[in-house]
Structures are given as structure tokens and as C-alpha cells.
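Under the numbering used here, think of the first position of the sequence shown as 19, with each following residue one higher.
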Amino acid sequence: MTHFDDSSTAPALSEIDSAQESETSPPLASAERLASLTTTASSSGPPAVHSETAATIELRRLHRFFDKTKAVDDISFSVGPGQVFGYIGPNGAGKTTSMRILATLDLPTYGDAYVNGFSVINDPELVRRELGFMPDAFGTYRNVNCREYLDFFARAYGLIGRERHERLKWVLGFTGAEGMANKPIRGLSKGMKQRLCMGRALIHDPAVLILDEPAAGLDPRARIQLRQMISELAERGKTILISSHILTELAEICDAVGIIEQGRLLATGSVDEIQAEQQNLGELKLRVLNRLDEVASALQQLHDKLDLDNLLIDGQLVRVGFSGLLEDQATVVTHLVSQGFQIAEVNASKKSLEDVFLQVTEGLVQ
């Protein structure tokens, strides 16, 4: 069994389980490594060393080009303290590239990004102290156990003595990994490795977490447990940027979402706000007891005002698309009742986050 002390160096790269060197490195890449990247960062003027906004995560006109491919194309958004922000988009949309820039693993072509006010360009070392990064694919040291793996990264972040011991104990407990602390990493399941990677991101108690597809490949129980962990971290004041293809789960835990496609941010805001911005995202269901042959004509009178459409009458059940606002629902019901229709049941529903995603995006992949 391999053990590390304060003077230890990392095991050889040949021991790393993943061939992707960039994904195996923690967000502790040196300034020299960043300086060696071929892409240089530029903008209309020198970026501020420290952002004075209240946002914990902020992207300002962020661009990242690979030759002629615009992986990130003029993206701006911010996430406030303690918020969970869902980053939604198809494969190749630019989510991972944006997250890698925030994690100081890549540099923007131009524009800037800030973590707790610190620029990823000017203050990468300070950004890394504030941030924990969980990549979508990560390497592990196969010949160590879970405790040794986390201890290695705790030392890399400068934790010593009792502080390191207490932090290891808390991370193992929070992620539910106590029972596997002494197990070799090479024998872990996908779900257990995800717990370990979450622990690595949390080991230095960062204020900000960047989670790239943390639920990928997890079974339903593991996804529920992951969702509970994210919610608890938000309650503890952590600011979280998370990407996922499981949109129903994002809708449950996120304060706001951003929808990205082909490197461009198409919509941002709370789920309710994004739904309200899209037309005909909701459906109103009415059970009408009388004069069913006149319902269509009565609703047509409201069409210009409320932009109702997709009217469907099935027996006593009347279904019509509408904007989803409570005021619109009340207007429809009041209008029908005033004309003598007997309304026995009213049910309004909004389209899911998946429906919104399909409506906003075009299904394009780079």
C-alpha cells in the first residue's frame, strides 16, 4: 500500500486510471502550465483583477475558440452566493469548456470569468482556493485506497495536522464513503468513484463547486443521494454550478438555469421565468358541464388577448394552450362563467424543463 507524507510527490502518470491528463489534474495547475497554453487571452481592455459585483460566479462575454470552432461564444451570466445554477445543453454545446475555464484548466480567447471576485486570468491561484471542481471524467490512482487518495489532495491544498484529519473525517462522512475509506480505488463501482470525486472537490472546503455531469452513469438511488448532497451543500452556503442531462432533477434543485447550444447562451433565469418567456408553455384543462358546442367560440374571443391555441375538446374536458400565468387562468375562467358556462374543474400545468429545452434549442451539435 502506498502512503504519502508532507514531502511526497504524486505517483507516476502510468498509475493513473484515465488517459486524459487534463482531467486527472486537480484544479491546482501551476501558473506556468497556464502560461504555456497556446491560446492567449485578450479583450478590449485589461480585465479587472477583482470583480466588485456580489456574484460568486460571473462570466463576462466569455469566448473560447478552437481554430474556427466557437466552443464558447460570448457567454455572460452570474450566480449569486448560495445559489445552484443548472447548465443545460446538448453534447458539444460548450458546457465543459466553460467549466474548465472557471476551474483555471483553460484560458478564454477573450472575455473573463470570476470566482468570488477573482479573475481566472489574473488570479488563478486565488480562484483555485475558492473552487472545487468535479469533472465529467476523472482519473484515479489505482494503487491507493480512498482515504489515501483524499489525503493526498488535502496535502496538495496545504491542509496539515488536525485540520487535515478533521476535514478528511467530515468529507468521508458527508459523501457516505466511510465504509469504503480503506478500499482500493481500483475495485470501486461507478457510483462509489463519483462519491470519491465529490469528496476530492470538497476536501479544501471551497466556497464554489463546479460539477460537470455528476449524475452520469449513476443508478436511481445514487442520483437521489447526490441530489440530497447538493441541496445540503447549498443550504451550507456553497455556490454550485452543475451540468446534467437529467433535466427533471435540475428543475428540482436549481435556483436558476442557463440553456446553451453551439457555444451561445439561449436563455437564463429561474425555470418559471424561462417558461414564462416562452409562448404557450402551459396548458389549461377545464371540465365544462354545459354548452360544449359553444366553448370554442367563447374562447376564440380571448385569443388575441391571451394568445390561446391548440384547443382540444374531448367530451366535457376542454384543453387549451396558454401562457401559464395565474392571471391568464383567472381571465379564462371568469370569461366562461360570465357567459353562463358551468365550470366543474380547473387544472393548469406548465411544460417541464425538458419541454422548455426542446423548444429553446434546435438540436444542433458541434
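Idealized CB from N, CA, C, for every residue including glycine.
Keep in mind it's a predicted model, so treat the numbers as computed, not measured.
Between the beta-carbon of Pro-99 and that of Gly-276 there is about 17 Å, and that puts the pair past the 8 Å contact cut.
Per DSSP, reduced to three states, the secondary structure at Ala-131 is strand. The beta carbons of Thr-286 and Glu-372 sit about 17 Å from each other, so the pair does not count as a contact at 8 Å. Around the beta-carbon of Lys-86, fewer than 16 other beta-carbon atoms lie within 10 Å, marking it exposed.
Following the DSSP letters along the chain, one finds Gly-217 inside the alpha helix (DSSP H) bounded by residues 208–220.
Assignment of Pro-238 by DSSP, reduced to helix, strand and coil, places it in the helix class. Per the coordinates, the alpha-carbon of Tyr-132 lies some 8 Å from the alpha-carbon of Val-145. By the Cβ-count criterion, Lys-187 is exposed, with fewer than 16 other Cβ atoms from all chains shown falling within 10 Å of its own Cβ. Per the coordinates, the alpha-carbon of Met-216 lies some 45 Å from the alpha-carbon of Arg-337.
In the structure shown, the three-state DSSP call for Gly-157 is coil.
Taking 8 Å as the cut-off, the Cβ atoms of Ile-292 and Val-313 do not count as close. Ranked by how close their Cα comes to the Cα of Leu-302, the residues Glu-184, Glu-76, Thr-349 have Thr-349 in first place.
In this structure, Ile-278 lies away from Arg-241, with their beta-carbon atoms at least 8 Å apart.
By the Cβ-count criterion, Ile-221 is buried, with 16 or more other Cβ atoms from all chains shown falling within 10 Å of its own Cβ. Between Glu-270 and Tyr-159, the alpha-carbon positions lie close to 34 Å from each other.
When the alpha-carbon of Val-226 is set against those of Ala-233, Leu-251, Arg-239, the nearest one is in Leu-251. Counting every other CB atom within 10 Å of its CB across the protein chains shown gives Leu-344 a total below 16, marking it as exposed. The residues Pro-45, Ala-121, Ala-219, Ile-228, in chain order, have a CB closer than 7 Å to that of Phe-151 in the same chain once the five nearest residues on each side in sequence are set aside. Residues Ile-271 of the same chain have their beta carbon placed closer than 6 Å to that of Ser-249, with the five preceding and five following residues left out of the count. In the DSSP assignment, Gly-150 falls within the beta strand (DSSP E) that extends over 149–152. Burial is judged here by how many other beta carbons sit within 10 angstroms of a residue's own beta carbon; Phe-171 has at least 16 and is buried. Within the same chain, Cβ atoms closer than 7 Å to the Cβ of Thr-114 are found at Asp-154, Asp-230, the five residues on either side in sequence being excluded. Collapsing the DSSP output to three states places Ile-292 in a helix. Taking C-beta atoms under 8 Å as the contact rule, Phe-375 and Ile-106 qualify, at a distance of about 6 Å.
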